[in-house]
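Q: For reference, each letter of the sequence shown is one residue, going -21 to -1, 1 to 206 in mature numbering (1 follows the signal peptide of the UniProt record, and there is no 0).
Glycine included, each C-beta is placed from N, C-alpha and C at the ideal position.
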Amino acid sequence: MTKFILSSILLVALASSEVSGQFTDSCTSDVYAKIKQCYVTYMAGYNLTMTDTIPEYWAFHFARRDLLDADGLHIQPYVCQLGNSLSDCLAPYSCMGPNAYMNMNAANTTEATDYWIDLAVTQYQCGAGYNCKYYALTMTEFYCMAFCRDRYQPNIDQCDAQAVIDIGNGMDPCAAQQKDFNCQAAIYRNCCDFNAGVYICNVDLAGSKAVNPACVNAGLVTCPAPR
Ligand SMILES: *[C@@H]1O[C@H](CO)[C@@H](O)[C@H](O)[C@H]1NC(C)=O
Ligand SMILES: *[C@@H]1O[C@H](CO)[C@@H](O)[C@H](O)[C@H]1NC(C)=O
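Structure, rendered in structure tokens:
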């Protein structure tokens, strides 16, 4: 699933929070060494060699996407196996945040933010989003959403662009985010079915929560229940 949803989340996240500033999370150097080891193992699962420097985010993203493109749906359990192992490996380190990627020599805060969002989205897609019955029971939805993504990419981008404009015009950022999520969900709902829209909304929500938890935690950005 990851191949076709991340880019718009990134835009949402970047549009709606001050992520280009400094990160405040911090761990001890012992913990950073362990976090790095989690990523070394994770990257090896994609045949990406890592020693001290985490791969460029989009290089990693494309390696994963190429695997999904080449092998389709049946590779998703492998992608999630890697993702869940990473989550388990990182679970003890609640100090972790985007600064962990700076510690792994990420080139800049955008790269660090992208990795941090990717982790949150992976945790949703391979956890609640993977196991919930409305997704797991409709495997063809995978292909439908992939198709919609390709077919309606400009429209999806337009949802994000509109959020940037709305915020610029003084709209409440949480309201602008909700509007953006609704806009994306409508595209998937019309293209696949209601629950595809719910799924995309929850993916967006997971990404948003990673970088800009205020709106989500205040209950100002929500998704409908699946049917
Ligand atoms: C990694 O490389 C090995 C050996 O070439 C190959 O069998 C395997 O499919 C590759 N794995 C991925 C995830 O690309
Ligand atoms: C951040 O680093 C990446 C990878 O080197 C680069 O492609 C990107 O343009 C950089 N972004 C900024 C805002 O500097």
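In chain order, what residues place their C-beta within less than 6 Å of a heavy atom belonging to ligand 2?
A: Ordered along the chain, the selected set is Glu35, Ala86, Asn87, Thr89, Glu90.
Q: My understanding is that Gln102 touches Ser66, with C-beta atoms under 8 Å, so please give their C-beta distance in whole angstroms.
A: At roughly 5 Å, the Cβ-Cβ gap stays under 8 Å, so Gln102 and Ser66 are in contact.
Q: How about Gln163 and Cys138: are their beta carbons less than 7 Å apart?
A: Their beta carbons are under 7 Å apart, which means Gln163 touches Cys138 by this criterion.
Q: Spatial neighbours of Tyr25 within its chain, please: CB distance less than 8 Å, with the 5 preceding and 5 following residues excluded, ordered by chain position.
A: Once the five neighbours on either side are set aside, the close Cβ partners of Tyr25 are Phe39, Ala42, Arg43, Leu46, Leu61.
Q: Within 10 angstroms of the Cβ of Gln1, are there 16 or more other Cβ atoms? Answer buried if so, exposed if not.
A: By the 10 Å Cβ count, Gln1 comes out exposed.
Q: Between Pro152 and Tyr21, what straight-line distance do the alpha-carbon atoms span, to the nearest angstrom?
A: Their Cα atoms are separated by approximately 34 Å.
Q: Can you list, in chain order, the residues of its chain whose CB lies under 7 Å from that of Thr3, leaving out five sequence neighbours each side?
A: Closer than 7 Å at Cβ, skipping near neighbours: no residue.
Q: Measure the alpha-carbon distance for Gln104 versus Cys59 and round it to whole angstroms.
A: Using only the alpha carbons, I get a separation of about 8 Å.
Q: Here's the rule: buried if 16 or more other CB atoms are within 10 angstroms of the residue's CB, otherwise exposed. What is Phe126?
A: The residue is exposed, with fewer than 16 neighbouring Cβ atoms inside 10 Å.
Q: Considering only heavy atoms of ligand 1 and the C-beta of each residue, which residues fall inside 7 Å, strictly closer?
A: Qualifying residues, in the order they occur: Gly24, Tyr25, Asn26, Leu46.
Q: Taking three-plus beta-carbon pairs below 8 Å as touching, is the region 138 to 150 in contact with the region 174 to 182?
A: In short, these stretches do not touch, since the Cβ pair count stays below three.
Q: How is the alpha helix (DSSP H) around Ile96 delimited, first residue to last?
A: Segment 88 to 105, the alpha helix (DSSP H) holding Ile96.
Q: Taking the C-alpha atoms as reference points, what is the distance between Asn78 and Ala197?
A: Distance between the alpha carbons of Asn78 and Ala197 is about 25 Å.
Q: For Cys68, which residues of its own chain have a beta-carbon under 6 Å away from its beta-carbon, when the five flanking residues on both sides are left out?
A: Cβ neighbours of Cys68 beyond the five flanking positions: Cys17.
Q: Please report the distance separating the alpha-carbon of Lys158 from that of Cys194.
A: Rounded to whole angstroms, Lys158 to Cys194 spans 13 Å at the Cα level.
Q: By DSSP, does Met124 sit in helix, in strand, or in coil?
A: The answer is helix: DSSP assigns Met124 an H, G or I state.
Q: DSSP three-state label for Ser187, please.
A: If DSSP states are grouped into helix, strand and coil, Ser187 belongs with the helices.
Q: Rounded to a whole number of angstroms, what is the C-alpha to C-alpha distance between Ser64 and Ile14?
A: So the alpha carbons of these two residues sit roughly 12 Å apart.
Q: From Asp97 to Tyr80, what does the alpha carbon distance come to, in whole angstroms?
A: If you take the alpha carbons of Asp97 and Tyr80, they lie about 12 Å apart.
Q: Just the C-alpha distance for Pro34 and Asn148, rounded to the nearest angstrom, thanks.
A: Looking at the two C-alpha atoms, the distance is approximately 37 Å.
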